[in-house]
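**Student:** Pasting a structure here, questions to come.
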Amino acid sequence: IQGLVLLVCMAPPPLVAPTEALDPVREAASFRLPDGFEARLVASEPEISKPMNLAWDDRGRLWVTDTLEYPYPAKPGTKPRDTLRILSDFDPVTGKARKVETFADGLNIPIGLLPLPSGKTTRCIVYHINQVLLLEDSDGDGVADKRETLLEGYGSADTHGMTNSFTWAHDGSIHATHGFANDSKVKDRDGTILSMQSGHTYRFRPDGKGLELWTRGQVNPFGMARDDAGRLFTADCHSRPLYSLIRGSCYPSFGKPHDGLGFGPEMCPHDHGSTGIAGCCWIPAGFWNAKDPEQLLIGNVVTSKVNRDDIAWQGASPKAIETPDLVVSNDLWFRPVDLKLGPDGAVYVADFYNRIIGHYEVPLTHPGRDRHRGRIWRIAPKGTPAPMPDLGAGTDVGTL
Numbered sequence: 162i163q164g165l166v167l168l169v170c171m172a173p174p175p176l177v178a179p180t181e182a183l184d185p186v187r188e189a190a191s192f193r194l195p196d197g198f199e200a201r202l203v204a205s206e207p208e209i210s211k212p213m214n215l216a217w218d219d220r221g222r223l224w225v226t227d228t229l230e231y232p233y234p235a236k237p238g239t240k241p242r243d244t245l246r247i248l249s250d251f252d253p254v255t256g257k258a259r260k261v262e263t264f265a266d267g268l269n270i271p272i273g274l275l276p277l278p279s280g281k282t283t284r285c286i287v288y289h290i291n292q293v294l295l296l297e298d299s300d301g302d303g304v305a306d307k308r309e310t311l312l313e314g315y316g317s318a319d320t321h322g323m324t325n326s327f328t329w330a331h332d333g334s335i336h337a338t339h340g341f342a343n344d345s346k347v348k349d350r351d352g353t354i355l356s357m358q359s360g361h362t363y364r365f366r367p368d369g370k371g372l373e374l375w376t377r378g379q380v381n382p383f384g385m386a387r388d389d390a391g392r393l394f395t396a397d398c399h400s401r402p403l404y405s406l407i408r409g410s411c412y413p414s415f416g417k418p419h420d421g422l423g424f425g426p427e428m429c430p431h432d433h434g435s436t437g438i439a440g441c442c443w444i445p446a447g448f449w450n451a452k453d454p455e456q457l458l459i460g461n462v463v464t465s466k467v468n469r470d471d472i473a474w475q476g477a478s479p480k481a482i483e484t485p486d487l488v489v490s491n492d493l494w495f496r497p498v499d500l501k502l503g504p505d506g507a508v509y510v511a512d513f514y515n516r517i518i519g520h521y522e523v524p525l526t527h528p529g530r531d532r533h534r535g536r537i538w539r540i541a542p543k544g545t546p547a548p549m550p551d552l553g554a555g556t557d558v559g560t561l
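Per the working numbering, numbering through the sequence shown is continuous, rising by one, with the last residue being 561.
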């Protein structure tokens, strides 16, 4: 009997959750958090749809790409229904966004995004099948009225493996991931062409030039974080959940050889019980607790958890040490796909809330796929102030 109980406990979560959807209040009650932590709802349907990527700007506003179209792109000749939204005016007690604005609509499964520094106009870089766009609000009404193509030529045959997680580097360039099963010949505004197939990372400048390969391999990287020293980390589905990126390195992928020099060093020997890892968030040492080392958080959409690893350095090489999870949910619809550390000291979690998360494992036509529910959660020690600092107040940083 004990052996049977053990096997049941170790069984993987079902590919289709047998439970029904919960409202945000009941979902929040399903979370198990470390002592002293709490989860607060920031936004939910109908104000947002399915959130994919999050990003903060220097005014303390949270940007989110959300989708109704996924997993199928909008058909040619029809207007896509996906949006880019800005959340602001956070309640100082609850942390809820009291203002949710649509900066741009008509987008087609927009994943990666990055708001640019405040200047005379509000601008944001966003991926939209099959290009990276620069969106600008030139008249100050809160809605993008100009669109420029910065990069183009991305493959989109696999909509769960497209480019995402735009991340600033210390030199002002933008790093990004390229996902599984897509063939891309990306062209920048200088005419440089970069060919990528499946997992890669690359970088470009905010003006759409300087396109350059950074690393090869990984299977389906989705989520990138940078530490204070400028080192980059990614989360990857279907291989190891975490990688420390070394420029020019090659990492394991499905059936692909290394570059003759061997694969880049392995950082995380365990898999957190899942091949569905999404989102990556770096936490400085001593951030919440003076005794804590630096940590990496990853969203585990299969097990409905936010996993946590301590980082132990061996010379210049980091090792991930598994530590108790930040969030464990009894609601199997909880699907944390992106994580961002806010300027208020809380972690913000994009919850793709869905009965089904598998892209290949469950038919895309399965009627159980939810298209409308989505939540953003704020996870922090109790008493963490919610007001957002305006990092750009009184400063005109000009334009990039």
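Just so you know, even glycine gets a beta-carbon here, dropped at the ideal spot from N, CA and C.
(1) Which of the three DSSP states is assigned to valine 498 in this structure?
(2) Using a Cβ-Cβ cut-off of 7 Å (strictly less than) and excluding sequence neighbours within five positions of glycine 197, which residues of its own chain qualify?
(3) One question on the structure: do aspartate 319 and alanine 342 come within less than 8 Å of each other, judged by their Cβ atoms?
(4) Nearest by alpha-carbon distance to threonine 545: which of Val508, Pro524, Glu522 is it?
(5) Kindly indicate which residue of Gly256, Leu248, Gly506 has the alpha-carbon position closest to the one of glycine 447.
(6) Can you tell me whether serine 356 is helix, strand or coil according to DSSP?
(7) Along the beta strand (DSSP E) that carries valine 186, what are the first and last residues, could you check?
(8) Tell me whether the beta-carbon of aspartate 470 lies closer than 8 Å to the beta-carbon of phenylalanine 495.
(9) What's the gap between the Cα of cysteine 441 and the Cα of glycine 535?
(10) Should alanine 330 and alanine 396 be called a contact, given that it needs their Cβ atoms to be closer than 8 Å?
(11) Please classify proline 485: does DSSP put it in a helix, a strand, or coil?
(12) Answer yes if the segment 253-260 comes into contact with the segment 283-291, meaning at least three C-beta pairs across the two stretches below 8 Å, and no otherwise.
(13) Over what stretch of residues does the beta strand (DSSP E) that includes arginine 362 continue unbroken?
(14) When the Cα atoms are used, what is the spatial distance from proline 253 to aspartate 551?
(15) Let me confirm a value: glutamate 522 is counted as buried when at least 16 other C-beta atoms fall within 10 Å, else exposed. Which label applies?
(16) One question on the structure: do threonine 362 and threonine 376 come within less than 8 Å of each other, judged by their Cβ atoms?
(17) Going by DSSP, what residue range makes up the beta strand (DSSP E) through aspartate 298?
(18) Three-state secondary structure (DSSP) at methionine 323?
(19) For glutamate 188, collect the residues of the same chain with a Cβ closer than 6 Å to its Cβ; drop the 5 residues on either side in sequence, then sort them by chain order.
(20) Report buried or exposed for serine 435, applying the criterion of at least 16 other Cβ atoms within 10 angstroms of its Cβ.
**Tutor:** Concretely, from the data shown:
(1) strand
(2) Pro542, Lys543
(3) yes
(4) Val508
(5) Gly506
(6) strand
(7) From DSSP, valine 186 is part of no beta strand (DSSP E) but of the alpha helix (DSSP H) over 185-190.
(8) no
(9) 19 Å
(10) no
(11) strand
(12) no
(13) According to the sequence as given, residue 362 is threonine; it is not arginine. Taken as a continuous stretch (DSSP letters only), the beta strand (DSSP E) holding threonine 362 covers 361-365.
(14) 14 Å
(15) exposed
(16) yes
(17) 292-298
(18) coil
(19) Asp492
(20) buried
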